[in-house]
Every structure is written in structure tokens, then in C-alpha cells.
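These notes concern the structure reproduced below.
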Amino acid sequence: MLTDPTTANPTIATASQSDSRTGIKFFYSSLGVPLSLLFLLVLTFMLLAEPNAYRQAFIRLFPSFYRRRVDAILVRCDRALQKWLAAIFFNMLLVGIFSFIGLLVMQIPLALSQATIAGLFTFIPNIGPVLSVVPPMAIALLENPWKALFVLIFYIVIQQIDSQLLTRLIIKQPISLFPAITLLTQFICKFLWFFRIIT
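Here our numbering runs 99 ahead of the position in the sequence shown, where the first position is 1.
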């Protein structure tokens, strides 16, 4: 008579149940990220479809005597955000052009694609410039290790010019935030997001 090993050994049964629960959690967490991105995308399109309606609904949440003040604050925020986005996009364009010229001089394959990635990743603070250097370095490493080192140095120079010169010239009204508090807030948000995924 054959017996089920999971019933004969409680340790095996417990381990199999734990593995199944871990697999289910991993499956749902892997679905959570694209579903969250899809939700944000749909929500953004819905807000952009009728911005005035949502704006008026938000203003009506406040007392009547304070609604004009809220409306004025929203107008100022909208103008500041438009100026900031225009400055950021112009900064991304300059970084992309400089990257393309440098990669073209160093004869890195797919220079236009790599420069486009560098320009787009400029929008992501702190980690974006670090990620943008990985593809051109990997491609250059296939040809010559010294060329990969030159690419790394070139990108470091570009990011220093961007952070020390371009950003300060283009964005003339920086936000008064302490760098340490900004980095700490980003770290806490990333930790909470990771903790939400694994639990």
C-alpha cells in the first residue's frame, strides 16, 4: 500500500504549503506592478479628458470663502508646472544632443538610440543618469574595454555639466528642498513600495 509522502512527513507538507503560498504571492505581486501602471495611465487620461470638471469638483471641497484662494493657488501651480516641464524637456533635448555627438565621435554603435535613452532618462532624478550609461558601456565593452572606460568618463562629464550648469541656467527658480531630505524621502517611498510587494 502506497502512502502520500506529504501526509507521512508533516515537514514536507508544511514546506509544500509554504512554497505554494510564496508562489501565489509572487504571482499576484508580479501582476500588481503592471496593473498599477495601467491604473495610473487610465486615471491620467481620464483627468486630461475633462480637467476643468475635476478642477471645479476639487475646489468645491473647500469652504466657499476659501474657494477663490484655492483657485488662484491652482492657477499658479499650473503655470509653475508648465514652466518646469518645458525646462526639463529642453534639458533632456540638450543632454540627448550632447550624448549623440560624443557617442558619434567615439564611434559607438547605435549612437542615436543610446543618446535618446540618455535624454529620456534625464527625466528620472538621481538614478536616471546612472541607468543611461549602462547600454552604451555594454556595447563599447564588446569592442574595446578602453572604449567603455571613455564612455563612462564622457557620461560623467555630461552629467556634471547638466547638474552644475544646464539645470541651473534652464531652471532659474529651483525648489527649496534640502537634498538629504529629498533622498531620504525617496528611500522611504522605495522601501514602503518594496515592503508592500513582498507582503
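In this text, a Cβ means the ideal position worked out from N, Cα and C, and glycines have one as well.
For phenylalanine 161, which residues of its own chain have a beta-carbon under 6 Å away from its beta-carbon, when the five flanking residues on both sides are left out? Around phenylalanine 161: Val169.
With C-beta atoms as the reference, is valine 250 less than 9 Å away from valine 232? yes
Does the beta-carbon distance from lysine 219 to methionine 191 come in below 9 Å? According to the sequence displayed, residue 219 carries leucine and not lysine. Here leucine 219 is near methionine 191, since their CB atoms are less than 9 Å apart.
Could you give the uninterrupted runs of the alpha helix (DSSP H) lying entirely in the stretch 148-220, keeping only those of 4 residues or more? 150-158, 166-204 and 210-220
Which value, in whole angstroms, describes the spacing of the CA atoms of valine 229 and phenylalanine 222? 12 Å
Tell me which same chain residues have a C-beta within less than 7 Å of the C-beta of alanine 214, skipping the five on either side of it? Non-local beta-carbon contacts of alanine 214 in its own chain, meaning distances under 7 Å to residues more than five positions away in sequence, involve Gly195, Ser198, Phe199 and Leu202 in chain order.
Which of the three DSSP states is assigned to phenylalanine 222 in this structure? For phenylalanine 222, the three-state secondary structure derived from DSSP is coil.
DSSP-derived helix/strand/coil call for valine 250: helix
Determine the DSSP secondary structure at valine 141, reduced to helix, strand or coil. helix
Rounded C-alpha distance that separates arginine 159 from alanine 186: 32 Å
My assumption, with CB atoms under 8 Å, is that isoleucine 238 sits in contact with isoleucine 216. Please give the rounded CB distance. Not a contact, Cβ separation roughly 11 Å.
Can you give me the start and stop residues for the alpha helix (DSSP H) that valine 233 sits inside? 233-242
C-beta atoms of methionine 205 and phenylalanine 253 nearer than 9 Å: yes
Whole angstroms are fine: how far does the CA of isoleucine 260 sit from the CA of asparagine 243? 26 Å
For aspartate 261, the three-state DSSP class (helix, strand or coil): If DSSP states are grouped into helix, strand and coil, aspartate 261 belongs with the helices.
For arginine 154 versus leucine 139, is the C-beta distance shorter than 9 Å? no
Would a check of beta-carbon distances place phenylalanine 249 closer than 9 Å to chain C? The structure shown contains no chain C; it is built from a single protein chain.
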